[in-house]
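Residue numbers (this note's numbering), protein chains in the order written: chain W, 6 to 422; chain B, 421 to 826. A short write-up of the structure that comes next.
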Amino acid sequence: MRSVASIVASNGLAILLTVVVLLPTVAVFAYVATSPLDQWLSNIGVWLHNRGGWDFPVFDTELRFAKIGFAIRSVLIAVGVSFLYFWISNWLNQGMARARDPQSPGRQSAVVEAIQPWIFVGPALVLLLLFLLVPAFTTLKLSFQEASGDFSLRNYAFIWDPDALGYLQFRFAMRNSLMWLILVPTLCISLGLLIAVLADSVKWGVVAKTFIFVPMAISFVGAAVIWRNIFAGGGIEAQEAINGLTPSYQIGLLKSLLGHGPDYNEPLYALRFWGNFFLMWILVWVQTGFAMVIFSAALRGVPEDTIEAATIDGANPYQMFFRIKLPQIFSTVLVVWTTLVILVLKVFDIPYALSANDDDKLLLATMMENARNNWSVGGDNVDNLFAAIAIMLMLTVLPNMFFNAWRIRKEQREMGH
Amino acid sequence: MISKTLKHVVLALIVFIWVVPFVALVTTSLRSEVASKTSGFWTAFTPTELGHRFRTHTEEQEFTQLTGNIFDRINTENEAFPVSGEVQSILFKGRVPDPEREGKTKLLRQLIFVGEPMDVRGGEFVFEANGDFVWTFDEATTPKPKGLDVFINQDPVFGTEAYMEVLFENDHVPNALISSFIVTIPATIIPITIAAFAAYAFAWMRFPGRDWLFVIVVSLMVVPTQLAFLPILQGFSNLAAWGSQLNAWITDCELTDTCQLPSKSFASLWVTHTAFGLPLAIYLLRNYIVGLPRELLESARIDGANHLQIFTRLIVPLSVPALASFSIFQFLWVWNDLIVALYIGPADGDDLVFPIRLEKQLGTFKDQLHLLNASAVISMVVPVIVFLSMQRYFIRGLLAGSVKGG
């Protein structure tokens, strides 16, 4: 009689193989089998087009509807396959355990119980392994290699060698990262605290908080477009207007308030050095809502008796906040701070959208993109250089990562798990 | 009481600063091209001096005196944003007889004000503030139509022209919308399915290495995604090369030269987003599921339910709040994502997701701010609706310990 362990191993392998072969096949087959849907939908589109008398080319309609068809079936197949995995592997697990050990329900259930957790966590672990863990180490390896695969420190030369590619950019990126790192979390946290305190003490606080909160739903690129209207430079040159000639005005609100004429055409975020602060402000605008919500909840959680005691002792509102409430929510402030620091270190979209090629505004993430697109590197090791910058980015995040891991461990222990 | 007033004032000021950019966005998107690129959005609500060009007449005709109205002439060409207001001046550019040299002409560029006569093609042109103009010649002539640049103190006018244009006259924005949906829906549903199963296992099943696996998973939450891009790309291009060969082997794609499978596709984006979203999802869901009453689970086990049944019949219905809060996170995250789509997503122009399209439009619509802003508004409608309607769950998720950064 075989041991439970060997049954578990062979059943597990069988399930794994079945799933690995079956699911892609089902996906491809379903994809091919449903492809007439696109044609069918584009026919409907053409019918609607002719009926509605739409005034753009019928070809566009066909394409658009075919694409919607593709979208629908892709979504259904992708979601269907992922459900199918759980159902099929569960069914196989039960069925095979029963088939191989029909006489002993105890052993059946032992086999099922041993395999079941891995069916449940398997996809998550495999994905994380393949898409985060292994790539991270591959990147580490790449960063210490030449394009040929030989070991080399050359990719990191931008750190110490003034002649190396990226030496200057790296300095700018580190300088800017440091500024972002100090200013953005500080501003978000102080504004968030201020708003949380103010909003909880006025009647229209909920409305106010919603307004502050909404930017969190918006993409960073969208935020960049939004703030462009405020930070932009002057209107187009008079001669360039489509209508032949139009007066030229300042179209950016802030520059207009600062009293700049239309001839002063540079957007504020493009200013040398100072432009960084306007880019930072956009991130502050997006993220303050996050800090505010967390603090608002934390402040409400401050025990009532400590506040009462302070009131009886005659504390004024400022003492109440700084001496009583703030110390009690300090751990929350710390959590928000780490979250924001990590976010800032990885920030990419805002500087990329508004000042992509400006060395003066580089951050590590945009420096990576610049390296990939714009630097032609001797020996063709641009990928390795890219990897080296990614590792630098990782190093800046690392202290926070350890702090986070420590905090979560502590939290788990306190919860008693 | 001063401090009470101060509270209101400070809060109102902050809210004002937060809201003004939205006002700028929507206002600019509702203006005409000329207005949006030559005057600030804050001037849209009051009469503002704007430049327009009109032609005196369209068909050549013989006359000694032509009368007309500048506003009528402008508005025949521009239906979406009818111009009204007060004519300020005309910038005359053209040739007039040179007083110093007999029989010669000189190029004149001069601002002419209401009531002043000016010499246009040898006739006398006079206009009023209400737009009426009279063009008189000494004898009947057939002058060519003249284009004139006029400054008008223009009344506020808004229209949805920009939305019509980006939605119907160009396929970039509709394609971006469809692509964003193609990417976002599976990239929200798949990770939540996978994560819910994993979270259940982490919470309530026993298996070797459970606790340290969970800690690893959670600490992956803050790993910068940039770190993974190159190897993932490499992996997908290997997979695509392999798939292309298989395709060539199985189908008759050589005939149509369509064997090549793209390495950057919607599917690669789904999988990558799924993987990147998993740590937060597992963390949130596991912490929620572990707090559900244990007796419930045990009684279900005694009744003979297997894990899949317990999961689908008990855990999922009970975890709806946690599932909802993660779905919103992931939906907003994927919908608004630029960098993953830039590195891993499809590169074909028709398949670009909205943030990439918008980023490109920052360049292409540099001088068509009404279109840029309209496109941005369209990109925000979906996430803002989702966000506002499910705000409660979003906040709950945030409070449950969001440590995921951008």
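Think of the CB as a built atom: it goes at the ideal place given N, C-alpha and C, for glycine as much as any other residue. Here the structure is a predicted model, which is why all the values come from computation and not from measurement.
- Residues of the segment 401 to 413 of chain W with a C-beta less than 8 Å from any C-beta of chain B: 402, 405, 406, 409, 410, 413, listed in chain order.
- For the 8 Å CB-CB criterion, residue 170 of chain W and residue 369 of chain W do not form a contact.
- Of the residues assessed, residue 564 of chain B falls on the exposed side of the cut-off, its CB having fewer than 16 other CB atoms within 10 angstroms.
- For the segment 717 to 746 of chain B, residues whose beta-carbon sits nearer than 7 Å to a beta-carbon of chain W comprise 726, 727, 728.
- Beta bridge pairing from DSSP links residue 347 of chain W with no other residue.
- Residue contact check for residue 632 of chain B against chain W: no CB pair falls below 8 Å.
- Measuring C-alpha to C-alpha distances from residue 334 of chain W to each of W:226, W:401, W:302 identifies W:302 as the nearest.
- Flagged as an interface residue toward chain W: residue 428 of chain B, by a C-beta distance shorter than 8 Å.
- Counting every other CB atom within 10 Å of its CB across the protein chains shown gives residue 453 of chain B a total of 16 or more, marking it as buried.
- Around the CB of residue 280 of chain W, 16 or more other CB atoms lie within 10 Å, so the residue is classed as buried.
- As the crow flies, the alpha-carbon of residue 544 of chain B is around 17 Å from that of residue 569 of chain B.
- Note on geometry: alpha-carbon atoms of residue 634 of chain B and residue 126 of chain W lie some 10 Å from one another.
- Among the residues facing chain W, residue 492 of chain B is not included, as its CB has no counterpart in that chain under 8 Å away.
- Judged by DSSP in its simplified three-state form, residue 801 of chain B adopts helix.
- In chain order, 307, 311, 312, 315, 320 place their CB closer than 8 Å to the CB of residue 329 of chain W, counting only its own chain and leaving out the 5 sequence neighbours on each side.
- Below 8 Å, enough C-beta pairs join the segment 760 to 772 of chain B and the segment 682 to 701 of chain B to call them touching: three or more.
- With fewer than 16 other Cβ atoms from the protein chains shown falling within 10 Å of its own Cβ, residue 786 of chain B counts as exposed.
- Between residue 47 of chain W and residue 74 of chain W a beta carbon distance of about 7 Å is seen, short of the 8 Å cut, so the two are scored as contacting.
- Restricting attention to alpha helix (DSSP H) runs no shorter than 4 residues, the segment 67 to 129 of chain W encloses none.
- Relative to residue 593 of chain B, the option among B:448, B:775, B:811 whose CA is nearest is B:775.
- Against chain B, the CB of residue 122 of chain W has a partner CB under 8 Å away; the residue lies at that interface.
- For residue 591 of chain B, the C-beta contacts it makes with chain W under 9 Å involve 61, 65, 68, 69, in order along the chain.
- Sequence-distant partners of residue 562 of chain B (beyond 5 residues in either direction) whose C-beta falls short of 7 Å from its own C-beta, in its chain, are 480, 481, 482.
- Per DSSP, residue 472 of chain B is one residue of the beta strand (DSSP E) stretching across 468 to 475.
- Considering only B:810, B:529, B:566, B:507, the residue with the shortest C-alpha distance to residue 549 of chain B is B:507.
- Taking 8 Å as the cut-off, the Cβ atoms of residue 571 of chain B and residue 509 of chain B count as close.
- Taking a 10 Å sphere around the C-beta of residue 645 of chain B, we find 16 or more other C-beta atoms and assign the residue as buried.
- Nearest CB-CB separation between residue 143 of chain W and chain B: below the 8 Å threshold.
- When Cβ pairs closer than 8 Å are counted between the two stretches, the segment 523 to 531 of chain B is seen not to touch the segment 435 to 455 of chain B, the count staying below three.
- Between residue 760 of chain B and residue 608 of chain B, the beta carbon gap of about 14 Å keeps them out of contact (Cβ cut-off 8 Å).
- Proximity of chain B to residue 366 of chain W at the Cβ level (cut-off 9 Å) is not reached, the minimal Cβ distance being about 15 Å.
- Residue 222 of chain W: not part of any beta strand (DSSP E); DSSP gives it neither H nor E.
- Between residue 124 of chain W and residue 94 of chain W the beta-carbon gap is near 5 Å, inside 8 Å, which marks them as a contact.
- The continuous alpha helix (DSSP H) containing residue 604 of chain B extends over residues 592 to 624.
- Sorting B:707, B:735, B:795 by C-alpha distance to the C-alpha of residue 414 of chain W places B:707 at the top.
- In the DSSP assignment, residue 302 of chain W falls within the alpha helix (DSSP H) that extends over 280 to 305.
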